[in-house]
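For reference, the structure is listed below as structure tokens.
Residue numbers (our numbering): 3 to 267.
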């Protein structure tokens, strides 16, 4: 009964946070509009709006739990305008399947990109659970040989209790269980060391209740905290500027102020 009572208490707390956290409602509204684009992709901006080609390998964007390729549209657009060769990955209608299986799909996609373009490495940017997909690929599926830089956006590397709200999807996929703190999946991931040669950066949001910034901290990598919310990590142009800078060849990640504002580079 103690365990069930604890779950109920956490669910009530999450509901209160959901209704009370309106600071980032503007970002959330923009994010929702992009999410509803589904997996349709208008990539005219990739060819038509690029100012100049940025140095660095192609960039693969990975969306999060219960999201669609459309949720990445604005970030893809921003990065393309800054000269990056960028594409977004999609997982069926919505993303709620086993993270291990999703990482396997990403591994095949990366091999396809390398075969078609002749490049030796790619960069990966993963939002929320998409970051866990990228991290599993790098740690467990040979991605260390293919990925130059992995940027995690609001990725709950230590799990998140907000996944309780998605337990109704368990019959359709394991993702919500894997996202819970202490899950066997997260234990396996944390026990596997980061490979040498892959630059990993974790960006958390100070106003993120879905993946609180403390749950995104990853030992042994550069951690940055920004004054935004979970949705803002994908739709805020200042975040896109930071990510674009991180993806430039040889660019170091900026240090962060105590309040989370990145120092100028």
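Every residue gets a Cβ at the ideal spot worked out from N, C-alpha and C, and that includes glycine.
All values reported here derive from a predicted model rather than from experimental measurement.
Check, Outcome
"Who are the Cβ neighbours of residue 98 in its own chain at under 8 Å, not counting the five residues just before and after it?", "67, 68, 168, 171, 174, 175, 177 and 178"
"Could you tell me the distance, in whole angstroms, from the CA atom of residue 126 to the CA atom of residue 182?", "23 Å"
"Which stretch, first to last residue, makes up the alpha helix (DSSP H) that contains residue 126?", "No alpha helix (DSSP H) contains residue 126, which is instead part of the beta strand (DSSP E) from 124–129."
"Use the C-beta contact count for residue 158: other C-beta atoms within 10 angstroms, 16 or more gives buried, fewer gives exposed.", "buried"
"Which same chain residues, not among the five before or five after residue 123, have their C-beta less than 7 Å away from its C-beta?", "59, 148, 149 and 150"
"So, under 8 Å CB-CB, residue 218 and residue 206 are touching, yes? Tell me the CB distance rounded to an integer number of Å.", "4 Å"
"Could you check which residue in 70, 240, 55 and 235 has the C-alpha nearest to that of residue 154?", "235"
"State the beta-bridge partners of residue 88 as determined by DSSP.", "61"
"Check whether the stretch 99–110 and the stretch 71–86 touch, using three or more Cβ-Cβ pairs below 8 Å as the test.", "no"
"Between residue 248 and residue 203, which are expected to be in contact by the criterion C-beta below 8 Å, what is the C-beta distance as a whole number of angstroms?", "6 Å"
"Report the rounded CA-to-CA distance for residue 143 versus residue 187, giving the unit in angstroms.", "14 Å"
"Could you give the first and the last residue of the continuous beta strand (DSSP E) run that contains residue 201?", "201–207"
"What beta strand (DSSP E) runs, 3 residues minimum, are completely inside the stretch 160–217?", "201–207"
"Is residue 219 helix, strand or coil when you go by DSSP?", "coil"
"Who are residue 153's beta bridge partners in DSSP?", "127 and 203"
"Residue 65 to residue 128, Cα distance in whole Å?", "6 Å"
"Using the Cα positions of residue 134 and residue 152, report the straight-line distance between them to the nearest angstrom.", "10 Å"
"Give a yes or no on whether the C-beta atoms belonging to residue 146 and residue 200 are separated by under 8 Å.", "yes"
"In angstroms, rounded to a whole number, what distance separates the CA positions of residue 137 and residue 161?", "13 Å"
"Between which residues of its own chain and residue 87 is the CB-CB distance below 6 Å, once the five residues before and five after are set aside?", "60"
"Give the secondary structure of residue 227 by DSSP, where H, G and I count as helix, E and B as strand, and everything else as coil.", "strand"
"For the alpha helix (DSSP H) that contains residue 83, what are its first and last residues?", "75–83"
"May I have the straight-line CA-CA distance separating residue 242 from residue 190, to the nearest angstrom?", "31 Å"
"Does DSSP put residue 114 in a helix, a strand or coil?", "helix"
"What residue from 91, 214 and 224 has the CA that sits closest to residue 232's CA?", "214"
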